[in-house]
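The working numbering puts the first residue of the sequence shown at 1, with every later residue one more than the last.
Input: a single structure, listed below in structure tokens.
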Amino acid sequence: MPIGVGERRGGVYFFRGLDQAQAYAVGSSDSGDLWHSRLGHPSLKVLRSLGYLNKVLLNSVQNKVCDACMRGKQTRDSFIVSSGRAVEPFELIHCDIWGPYRVKSTCGARYFLTVVDDFSRAVWVHLMRDKGEVKIILKQFLAMTNRQFNKNVKVVRSDNGKEFVSLQDYFLTNGIIFQTSCVYTPQQNGRVERKHRHILEMARTLRFHANLPIEFWGECVLTAGYLINRLPSPVIDNKSPYELLYNKIPIYSQLRVFGCLCYAHEPNNGGDKFGPRGVRCVFWDIPTHKRAGRFLIYRIGDTLSHVT
Numbered sequence: 001m002p003i004g005v006g007e008r009r010g011g012v013y014f015f016r017g018l019d020q021a022q023a024y025a026v027g028s029s030d031s032g033d034l035w036h037s038r039l040g041h042p043s044l045k046v047l048r049s050l051g052y053l054n055k056v057l058l059n060s061v062q063n064k065v066c067d068a069c070m071r072g073k074q075t076r077d078s079f080i081v082s083s084g085r086a087v088e089p090f091e092l093i094h095c096d097i098w099g100p101y102r103v104k105s106t107c108g109a110r111y112f113l114t115v116v117d118d119f120s121r122a123v124w125v126h127l128m129r130d131k132g133e134v135k136i137i138l139k140q141f142l143a144m145t146n147r148q149f150n151k152n153v154k155v156v157r158s159d160n161g162k163e164f165v166s167l168q169d170y171f172l173t174n175g176i177i178f179q180t181s182c183v184y185t186p187q188q189n190g191r192v193e194r195k196h197r198h199i200l201e202m203a204r205t206l207r208f209h210a211n212l213p214i215e216f217w218g219e220c221v222l223t224a225g226y227l228i229n230r231l232p233s234p235v236i237d238n239k240s241p242y243e244l245l246y247n248k249i250p251i252y253s254q255l256r257v258f259g260c261l262c263y264a265h266e267p268n269n270g271g272d273k274f275g276p277r278g279v280r281c282v283f284w285d286i287p288t289h290k291r292a293g294r295f296l297i298y299r300i301g302d303t304l305s306h307v308t
């Protein structure tokens, strides 16, 4: 029985017609949609790489819409990075919540609220035990911008979290525009999302370098926010957020290595004239609202404030 027709080349027989016959058999008995389904809904490009599927079959697939593919492979278009920027401080602020974290911080917090000024990219970080604290914190923040900077926040942008939506009437009463991102679209609140990533990257690094227990993640996050505000950024022409807000260069001489060993004055030595006047501590809190830093005392695990 003949198996094909071919020619002899250098002692080897080359047969023609087998691929064409196979492709004809495939194309004549099965539809392109069927093969698309059999092969797990591959793209047309992948189907074309299968030589045994003829062109007629592939053309029948090309012009059809597969419902399963539309439902299972749907992707959103990439978001265009916004190049716009507020023209003055607190014209627009971005807000978002991170958490809950599995471990409570030393102050009992599981969340932190991040507020970012769109103009200066300055960041304010607030530790929270519960999301319900957002309402009080944001009202205090709005009062702070008015008293300390003589600026009124014009636009607040956040996600659709109920802790933000609950402030909608308050914003309306005070003439503040409230903007929310679409559901499942955190990219629309990208300013603060990227700031979260920056804060967490620095906070993790600070904790690893200081070799502190995980319970100190809150102090690491607060310190990261403090330092980020004093670092130049290419986004704002290599200036620091602090410089744009206060129109002066931040003072770097007061900075100490987070978690470094230091000695603080012993506040209570029990009246012992020969007792120690200094105690070994770990520096773990940069002063923000007072003229003193906070330290962790090695031997008793308590904290104390000390003027540096």
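Backbone N, C-alpha and C fix where the C-beta goes; we use that ideal spot for every residue, glycine too.
Item, Value
"Beta-carbon proximity check, ILE137 vs LEU113, cutoff 8 Å", "yes"
"Distance between LEU222 and HIS126 (C-alpha atoms, nearest Å)", "8 Å"
"6 Å Cβ shell around ARG8 - same chain, five flanking residues per side excluded", "none"
"For ASP96, three-class secondary structure by DSSP", "strand"
"Residue environment, HIS196, which counts as buried when at least 16 other CB atoms sit within 10 Å", "buried"
"Cβ separation of PHE274 and ARG256, assumed to be a contact under 8 Å, to the nearest whole Å", "Rounded, the Cβ-Cβ distance is 30 Å, inconsistent with contact."
"Spatially closest choice to GLU193 from ASP96, GLU88, LEU92 and VAL87, by CA coordinates", "ASP96"
"Endpoints, beta strand (DSSP E) assigned at ASP117", "111-117"
"Below-8 Å beta-carbon distance, TYR226 vs any chain D residue", "Structure shown: chain D not included; a single protein chain is present."
"GLU163 beta carbon less than 8 Å from that of VAL134", "yes"
"Nearest-angstrom beta carbon gap, VAL123 and ILE236 [assumed within contact, 8 Å]", "ILE236 to VAL123, Cβ: 12 Å. No contact."
"N- and C-terminal bounds of the alpha helix (DSSP H) containing ARG157", "From DSSP, ARG157 is part of no alpha helix (DSSP H) but of the beta strand (DSSP E) over 155-158."
"Under the three-state DSSP convention, the category THR180 falls into", "strand"
"Which residues DSSP lists as bridging LEU261, in chain order", "VAL282"
"Within 8 Å, strictly: CB atoms of SER105 and GLY259", "no"
"Contact check, PHE90 vs THR145, beta carbons under 8 Å", "yes"
"Expected contact under 8 Å - CB spacing of ALA143 and ARG129 to nearest Å", "In fact, because the Cβ distance is near 22 Å, the residues do not count as touching under 8 Å."
"Nearest residue (CA-CA) to PHE371, options VAL65, VAL103, LEU92 and TRP98", "Because the chain is modelled from 1 through 308, residue 371 falls outside the range shown and cannot be assessed."
"Which of helix, strand or coil DSSP assigns to ARG9", "strand"
"Whole-angstrom distance between ILE93 and PHE171, CA atom to CA atom", "13 Å"
"LEU244, enclosing alpha helix (DSSP H) - first and last residue", "241-246"
"First and last residue of the uninterrupted beta strand (DSSP E) at LEU127", "123-128"
"Residue environment, ILE199, which counts as buried when at least 16 other CB atoms sit within 10 Å", "buried"
"Within 8 Å, strictly: CB atoms of ALA210 and ALA224", "no"
"Inter-residue Cα distance where the pair is GLN168 and ASP118", "20 Å"
"GLY99 versus LEU206, ALA86 and GLY161, residue with shortest Cα-Cα distance", "GLY161"
"Residue nearest to CYS66 in terms of C-alpha spacing, selected from LEU44, LYS139 and GLY84", "LEU44"
"ARG207 classed as buried or exposed, judged by whether at least 16 other C-beta atoms fall within 10 angstroms", "buried"
"Buried/exposed call for TYR242, threshold 16 Cβ in 10 Å", "buried"
"Among TYR226, ALA86 and ARG85, nearest to GLN254 - alpha-carbon criterion", "TYR226"
"Outcome for PHE149 when other beta-carbon atoms lying within 10 angstroms are tallied against a minimum of 16", "exposed"
"Cβ-based burial, VAL153 [other Cβ within 10 Å; buried from 16]", "buried"
"Beta-carbon proximity check, SER120 vs LEU245, cutoff 8 Å", "yes"
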